[in-house]
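**Q** Keeping their order, the protein sequence lines are chains A and B.
Just so you know, we're using our numbering here: the first sequence kicks off at 1 and counts up by one.
Just so you know, we're using our numbering here: the second sequence kicks off at 1 and counts up by one.
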Amino acid sequence: MDRLLIKNLSVSIEGKKILDNVSLEIKRGEIAALMGPNGSGKTSLAYAIMGHPNYTVDSGEIIYKNQNILELSPDKRAKLGIFLSFQYPQEIPGVSVSNFLRTAYNNLKGIKVDVMEFLKKINDKMELLNIDKSFSQRHLNDGFSGGEKKKCEILQMAVFEPEIAILDETDSGTDVDALRVIGEGVNKINKNSNSGVLVITHYNRILKYLKPDRVYIMMNGRIVKEGDHRLADEIEEKGYKVIKV
Amino acid sequence: MKQILEISREMYDHKNPEKVFKKLDGLNKDVVRAISDEKKEPEWMLNKRLEALRIFLDKPIPRWGPDLSRLDFNKIRYYLKAEEKTHMNKWEDVPEYIKKTFERLGIPEAEKKSLAGAGAMYESEVMYHNLKKEWEEKGVIFEDMDVALQKYPDLVKKYFMSECVPINDHKFAALHGATWSGGTFIFIPKNVRVTMPLQAYFRMNAPRGGQFEHTLIVADEGAEVSYLEGCSSPIYSENSIHAGCVEIFVHKNARVRYMSIENWSRNTYNLNTKRAVVFENGVIEWINGNFGCLTGDTKIFTDNRGLVEIKDIKNGDYVYSLDENDKIIKKQIVNGKVSNGIKDVYELDVNGRTIRATSNHPFLALERKMIKGIERKGRFVTKWKSLEELKENDLIALPKKIPISGQPYRLSRIEIPTNRIIGSNNQYAKFRMNLRHLYKAISVPEYTNENLMWFLGIFIGNGNIWERKNTDSAKVTIAIPEYDSLRDELVKVTKNIFDYRIKQFGKRAVIINSGLVARFIKKIDFGGRSYEKKIPRWVYSLPEDQRLSLLAGIIDSDGHIHKGEVAITSVNKELLEDVKMLAFSCGLNASRVFKHSSGGRRWVAVAMSNARDAYRLLLNGPNIKNIPLRDKPKNFKLLKSTSKRNFVSSKGLNFKHQTSDYLGFARISSIKYIGKEEVFDIEVENSHNFIANGIIVHNSAVTMLYPCSVLKGRNARSEFIGIAYAGKDQNQDTGHKVFHLAQNTSSTVVSKSISKDGGITTYRGMVYIAKGAVNSKCKVQCDALMLDNKSVSNTIPYMNIKEQKVNIGHEASVGKIDDEKLFYLQSRGLKEEDARKLIVSGFVEPISRQLPMEYALEFNRLVELEMETSLG
């Protein structure tokens with residue numbers, strides 16, 4: 001199957017329900033957008049897809065490649081080709097970006113890449129994303145600005161070439177230049193690798209660079225509306241107030 | 001151990017054989033002369049050695065640091081010839097665990113052998129010679145210390161044990177000065193920069209100096225060099241003392257980096273001195289990685305924490321120790337605990353008390369006094385003897401009683417549930433009931449008392465807690481048959497302590513139908529199934545009458561009096577081991593816990609045990625009459641018993657004058673080889689002995705090894721980076737000393753530690769800033785990473801600042817591996833374990849970054865290996 005399918009997913013954290021009967025799909029080659037106000041459960045959905053241990057799935061399934069991935073640990077989900085760009089990427093001091101990228105790449109692909117070749121690949125991608133060369137020698141997210149962290153997430157996405165990419169608020173905390181780089185990066189991977197992308201955002205900025213095929217609106221843990229890119233425009237114009245729950 | 005305890009005859013044979021022969025077992029002028037002569041040393045070196053010997057013999061054993069009173073300097077083999085060493089260090093002789101460690105590290109075969117001290121690394125010979133040629137052209141000297149002394153006597157004379165570590169620095173510097181042998185000499189001339197790190201294993205085929213190795217590094221003005229004393233230092237040796245010396249001179253504008261990765265086989269006495277003197281604008285960098293092992297289930301009575309396994313002993317604990325002059329046992333504070341690696345261990349059994357120790361561990365023995373080689377009848381002296389010197393039937397010291405000061409234990413309160421609602425279904429409907437009214441309030445004493453301890457003893461023997469599934473209602477049954485007089489006593493006691501009246505009586509047992517009593521028993525750690533029960537640690541710090549009451553309860557329920565001895569039978573072997581320690585703590589004598597097939601029927605019935613083995617413990621000695629049994633027939637028999645065993649005589653020998661109320665002696669019944677185990681030791685203030693498993697033992701050694709920088713010239717700088725890893729049962733104590741003696745000197749200390757599985761890491765540092773050393777800067781940074789909640793990290797920075805105008809900083813951070821970080825890395829395809837490893841490798845990166853490539857790899861592998869399992 002060429003899509004990730006979320007069916008009637010209900011999720012709670014420490015007994016508190018945060019996602020309620022959510023259904024959503026991410027098709028390869030398509031860009032979907034998940035919009036909603038702060039605290040509506042968008043990040044929770046991303047974490048639930050990736051398998052964060054604190055999120056308890058009460059019911060529902062997430063199907064990818066003919067299996068219910070809810071039974072898999074996060075690393076196995078990643079190996080299936082699912083990638084999450086974090087809203088707040090973690091800092092890992094002492095581990096260089098290039099070392100991290102190589103370690104992760106080897107794990108994801110189950111191979112051992114040639115060090116020099118891989119270095120070239122990283123450099124190419126960095127150039128493509130307009131990222132300075134010294135970046136790869138810095139420690140992963142350690143002391144990075146918000147924008148740099150987001151760029152680093154997009155660099156990872158570009159290097160790993162996932163089949164399904166979820167971008168959690170990748171547009172927040174970034175300046176206009178970074179936003180453009182991110183938008184271009186997403187478009188490239190969407191086209192070149194035929195990836196399915198879910199863009200999570202609470203406002204419309206990034207959608208200037210991306211044209212979603214499908215838009216979902218989430219409020220209070222539920223998908224309340226679904227539509228095409230015009231729905232996003234409508235939200236931008238009138239805000240979430242227009243959505244009647 | 002044995003092979004180093006004799007001085008080689010061969011080396012003296014060519015010179016004055018008779019004279020030397022007489023003095024074989026001593027460190028004296030003749031031995032020193034022989035060493036010097038063998039090496040054909042210049043006159044001045046011989047004089048220096050002799051002067052050092054004089055100082056060594058004069059200086060008292062330092063009161064600071066490790067206790068060395070049991071170290072017999074006369075029994076150390078001070079010098080080994082090269083051919084002997086190769087003979088002694090065959091690869092086959094290297095212990096299996098060290099070989100395995102090398103294999104797991106992926107170290108090449110040849111290097112492994114070199115590391116293990118069993119051969120040189122021949123593959124690098126060609127490479128070495130090429131490098132050597134290049135260096136030689138620039139005037140670099142990189143030689144074996146003995147060779148350097150012949151070839152460059154003036155240079156060596158100028159620096160050797162003069163300004164950096166003078167022979168009169170401390171007793172062991174003097175010992176080193178008198179007996180040093182082998183080592184490395186490095187001299188880098190003015191403005192020469194040696195780019196490649198010099199590594200000890202390039203210096204192959206050089207005789208290994210072993211325990212008295214001298215390393216002397218001199219960087220002349222503007223010179224630069226890195227020296228790596230990696231695993232190629234003699235990490236494996238059976239030496240009982242390691243008194244090496246590292247002297248480093250960093251002249252004006254020079255820079256020296258000294259790296260060492262140590263070390264999983266520790267010497268018994270590690271008395272190395274590592275010191276750098278730094279002149280104007282000079283820089284010394286220390287990079288230190290430290291890995292080691294220790295373990296132990298030996299039980300030690302502490303005054304503050306009850307019975308504690310030695311591996312859990314902490315600095316500041318009070319243990320019991322024998323004052324040899326007054327023959328009394330008193331409490332002493334623990335100053336340190338240290339690992340001695342994995343060693344051969346033997347089990348010594350004396351009068352039912354057993355202990356596992358290395359062959360060099362000292363015990364207090366009683367032996368006949370010898371006068372002029374003749375054993376004097378009837379006269380005894382005490383002497384600390386190592387296990388290998390002891391044999392069956394020898395008399396060794398036992399504590400007759402331990403003066404545990406003893407405090408009643410404060411009991412925690414039991415909360416009574418305010419609302420107790422149960423819900424269920426029946427065929428009609430769901431229902432809910434409030435059972436609050438069913439809770440009968442009980443009272444719980446604030447502190448332990450004799451009644452309570454007796455009750456708990458009965459509970460240990462015959463009690464059981466029955467809990468109803470999924471509720472917190474429970475009851476306590478105590479198996480005392482009908483018509484047993486103990487029933488009345490139990491009813492009385494239960495009323496007395498809990499204000500609870502027992503109403504349910506079965507044929508075999510009485511029932512205390514109170515969830516609160518059950519909860520109380522569990523809360524104070526007396527719970528568990530019959531075969532899981534144990535005596536909680538806090539009991540051992542109770543007053544003696546309360547401990548005896550607990551014992552009485554256990555005997556009243558599970559013991560009987562047989563031939564004047566108390567016999568206790570149980571299916572729970574560990575419980576009997578606990579009871580044995582309890583008995584020792586009350587000054588009773590106890591047997592080994594042994595298998596007992598015919599007894600224990602009652603026990604087996606109560607526990608409904610599926611044919612478990614039964615075990616038995618016998619208690620005897622005059623003090624058993626102190627046990628306040630409440631079972632009248634048993635008590636009657638007990639009081640009639642005539643067990644006099646009190647360790648003042650044996651097999652017709654009377655040595656009462658050597659004993660006291662506290663101290664007695666008994667014969668060793670067996671000494672058996674057990675196998676290899678990780679061993680550890682503690683350091684006790686003043687007396688240096690302690691009571692372990694009910695036997696008086698001496699502590700053996702403590703490692704004190706902190707590199708030291710002396711900043712003598714303006715702008716001199718010192719950088720120290722250290723890492724310590726402590727896994728299960730390990731305690732890593734590392735640190736650094738810096739002396740700021742001139743203006744504008746600066747030092748930085750970065751100490752990283754990782755602890756896991758209950759491991760303990762300690763940073764212990766000392767910074768001294770002299771008056772007048774204005775504008776000196778010192779920054780100490782300690783980062784600790786704990787991989788779980790039970791591990792410990794300590795930081796003990798000591799600062800002695802005599803100057804006002806200075807800048808001192810200390811930062812300490814303690815972190816754990818964040819779950820969010822793990823999730824982040826897992827989402828990138830890393831397994832949880834690999835994610836942890838990556839985080840740890842990042843944590844130690846400031847150190848691995850400093851190492852040459854191959855060592856960095858080895859270092860990372862070592863860290864990963866430690867992550868997977870503890871070494872060895």
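All residues carry an ideal CB built from backbone N, CA and C; glycine is no exception.
1. When you compare the stretch 203-215 of chain A with the stretch 225-244 of chain A, are there three or more beta-carbon pairs, one atom per stretch, that lie closer than 8 Å?
2. For residue 751/B, go through chain A and note every residue whose CB falls closer than 9 Å to its CB, in chain order.
3. Do you know offhand how far residue 549/B's Cα is from residue 671/B's?
4. Taking the beta carbon of residue 286/B as the centre, do at least 16 other beta carbons fall within 10 Å, making it buried, or is it exposed?
5. Given a threshold of 16 other Cβ atoms within 10 Å of its Cβ, counted over all protein chains shown, does residue 485/B qualify as buried or as exposed?
6. To be precise: take each residue of the stretch 72-96 of chain A, compare its Cβ to all Cβ atoms of chain B, and keep it if any distance is under 9 Å. Which residues remain?
7. Thinking just about the alpha-carbon of each residue, which of 95/A, 136/A and 6/A is nearest to the one in residue 821/B?
8. Classify residue 466/B: buried if its beta carbon has 16 or more other beta carbons within 10 angstroms, exposed otherwise.
9. Straight-line CA distance for residue 490/B to residue 458/B?
10. Ends of the beta strand (DSSP E) at residue 825/B?
11. Check each residue of the stretch 96-110 of chain A: if its Cβ is closer than 7 Å to any Cβ of chain B, include it; give the result in chain order.
12. So if DSSP puts residue 736/B in a beta bridge, which residue, or which two residues, is it bridged to?
13. Considering only their Cβ atoms, is the gap separating residue 101/A from residue 69/A smaller than 8 Å?
14. Among the candidates 222/B, 49/B, 243/B and 193/B, whose CA atom is the shortest distance from the CA of residue 212/B?
15. Of the choices 830/B, 792/B and 783/B, whose alpha-carbon is the least far from that of residue 814/B?
16. Just to confirm my understanding: we take residue 98/A, look at its own chain, exclude 5 residues before and 5 after, and list those with CB closer than 7 Å. What are they?
17. For chain A, find out if any of its Cβ atoms is closer than 8 Å to the Cβ of residue 842/B; answer yes or no.
18. Give me the chain B residues within the contact set of residue 247/A, using Cβ-Cβ distance strictly less than 7 Å, ordered along the chain.
19. Run down chain A in chain order and give the residues with a C-beta less than 8 Å from the C-beta of residue 839/B.
20. Give every residue of the same chain whose Cβ lies closer than 6 Å to the Cβ of residue 7/A, excluding the five residues on either side of it in the sequence, and list them in chain order.
21. In the DSSP assignment, the beta strand (DSSP E) including residue 164/B goes from what residue to what residue?
22. Throw me the rounded Cβ distance for the residue 167/B and residue 217/B pair, which I believe falls under 8 Å.
23. What does the Cβ neighbour count give for residue 176/A, buried or exposed, with the cut at 16 atoms within 10 Å?
24. May I ask you to report which of helix, strand or coil DSSP gives residue 201/A?
25. When burial is assigned at 16 or more other CB atoms within 10 Å of the CB, is residue 656/B buried or exposed?
26. Determine, using beta carbons only, whether residue 834/B comes closer than 8 Å to chain A.
27. By DSSP, does residue 224/B sit in helix, in strand, or in coil?
28. Just curious, the alpha helix (DSSP H) that residue 230/A is in, first and last residue?
29. For residue 98/B and residue 724/B, what's the separation of their Cα atoms in angstroms?
30. How is the alpha helix (DSSP H) around residue 521/B delimited, first residue to last?
31. Mind checking which residues open and close the beta strand (DSSP E) that includes residue 186/B?
32. Establish whether the CB of residue 787/B and some CB of chain A are separated by less than 8 Å.
33. DSSP three-state call for residue 781/B: helix, strand or coil?
34. May I have the straight-line CA-CA distance separating residue 797/B from residue 174/A, to the nearest angstrom?
35. Just how far apart, CA to CA, sit residue 545/B and residue 771/B?
36. Does DSSP classify residue 162/A as helix, strand or coil?
**A** Quick look at the numbers:
1. Yes: at least three Cβ pairs fall under 8 Å.
2. Walking along the second sequence from the start, residue 751/B turns up at place 751. Here the premise fails: no neighbours, minimum Cβ distance about 15 Å.
3. The residue you call residue 549/B lines up with position 549 of the second sequence. The residue you call residue 671/B lines up with position 671 of the second sequence. Distance between the alpha carbons of residue 549/B and residue 671/B is about 34 Å.
4. As a first step, residue 286/B is located in the second sequence; it is residue number 286 there, counting from the start. Residue 286/B comes out buried.
5. Taking the second sequence and counting its residues from 1, one reaches residue 485/B at position 485. Classification for residue 485/B: exposed.
6. Result list: 73, 74, 75, 76, 77, 78, 79, 82, 83, 84, 86, 88, 89, 90, 91, 92, 93, 94, 95 and 96.
7. The sequence position of residue 821/B within the second sequence is 821, counting from 1. Taking residue 821/B as reference, the option from 95/A, 136/A and 6/A with the minimal CA-CA separation is 95/A.
8. The residue labelled residue 466/B in the question sits at position 466 within the second sequence. With fewer than 16 other Cβ atoms within 10 Å, it is exposed.
9. What you label residue 490/B is simply residue 490 of the second sequence in a count that begins at 1. What you label residue 458/B is simply residue 458 of the second sequence in a count that begins at 1. The alpha-carbon atoms of residue 490/B and residue 458/B are separated by roughly 9 Å.
10. The residue labelled residue 825/B in the question sits at position 825 within the second sequence. Segment 819-826 is the alpha helix (DSSP H) holding residue 825/B; no beta strand (DSSP E) there.
11. The residues in question are 103, 104, 107 and 108.
12. To locate residue 736/B, count along the second sequence from 1; it is residue 736. Note: residue 736/B sits in a beta bridge opposite 765/B.
13. Within the first sequence, numbered from 1, the residue matching residue 69/A stands at position 69. Within the first sequence, numbered from 1, the residue matching residue 101/A stands at position 101. With a cutoff of 8 Å on beta-carbon distance, residue 69/A and residue 101/A are scored as not near each other.
14. Here residue 212/B refers to the residue found at position 212 of the second sequence. The shortest C-alpha separation from residue 212/B is found at 243/B.
15. Residue 814/B sits at position 814 when you count from the first residue of the second sequence. Residue 783/B holds the alpha-carbon nearest to the alpha-carbon of residue 814/B among 830/B, 792/B and 783/B.
16. Sequence index remark: in the first sequence, residue 98/A carries index 98 (1-based). Counting only residues of its own chain and dropping the five nearest sequence neighbours on each side, residue 98/A has a CB closer than 7 Å to the CB of 119, 122, 136 and 137.
17. The residue you call residue 842/B lines up with position 842 of the second sequence. At a cut-off of 8 Å, the C-beta of residue 842/B has a neighbouring C-beta in chain A.
18. An answer regarding residue 247/A cannot be provided, because it is not within the stretch 1 to 245 covered by chain A.
19. Position 839 of the second sequence holds residue 839/B. Per Cβ cutoff of 8 Å: 92 and 95.
20. Taking the first residue of the first sequence as 1, we reach residue 7/A at position 7. Closer than 6 Å at Cβ, skipping near neighbours: 23, 60 and 61.
21. In the second sequence, residue 164/B corresponds to position 164, counting from 1. Per DSSP, residue 164/B belongs to no beta strand (DSSP E) and is neither H nor E.
22. Your numbering for residue 167/B matches position 167 in the second sequence. Your numbering for residue 217/B matches position 217 in the second sequence. A Cβ-Cβ distance of about 19 Å is found for the pair residue 167/B and residue 217/B, leaving them out of contact under the 8 Å criterion.
23. Position 176 of the first sequence holds residue 176/A. By the neighbour-count rule (16 or more Cβ atoms within 10 Å), residue 176/A is not buried but exposed.
24. Along the first sequence, read from residue 1 onward, the residue named residue 201/A stands at position 201. Strand.
25. As a working mapping, residue 656/B is identified with position 656 in the second sequence. Label assigned to residue 656/B: exposed.
26. By one-based count along the second sequence, residue 834/B stands at place 834. Any Cβ of chain A closer than 8 Å to the Cβ of residue 834/B would place that residue at the interface, and such an atom is present.
27. Mapped onto the second sequence, residue 224/B falls at position 224. It is a strand residue.
28. Residue numbering aside, residue 230/A sits at position 230 when the first sequence is read from its first letter. Judged by DSSP secondary structure, residue 230/A falls within the alpha helix (DSSP H) whose first and last residues are 229-238.
29. Counted from its first residue, the second sequence places residue 98/B at position 98. Counted from its first residue, the second sequence places residue 724/B at position 724. Reliability fails at residue 98/B, whose pLDDT of 49 lies under 50, so the model's placement of it is uncertain and no value is given.
30. On the second sequence, residue 521/B is found 521 positions in, with the first residue counted as 1. The continuous alpha helix (DSSP H) containing residue 521/B extends over residues 515-523.
31. As a working note, residue 186/B is residue 186 in the second sequence. Its beta strand (DSSP E) spans residues 183-188.
32. Counting from 1 along the second sequence, the entry for residue 787/B is found at position 787. For residue 787/B, no CB of chain A lies under 8 Å from its own CB, so it is not counted at the interface with that chain.
33. Here residue 781/B refers to the residue found at position 781 of the second sequence. Strand.
34. By 1-based counting over the second sequence, the position of residue 797/B is 797. By 1-based counting over the first sequence, the position of residue 174/A is 174. Near 43 Å, if we compare the C-alpha coordinates of residue 174/A and residue 797/B.
35. Within the second sequence, numbered from 1, the residue matching residue 545/B stands at position 545. Within the second sequence, numbered from 1, the residue matching residue 771/B stands at position 771. When rounded, the distance between both Cα atoms is 58 Å.
36. The count along the first sequence starts at 1 and reaches residue 162/A at position 162. Reduced to three states, the DSSP call for residue 162/A is coil.
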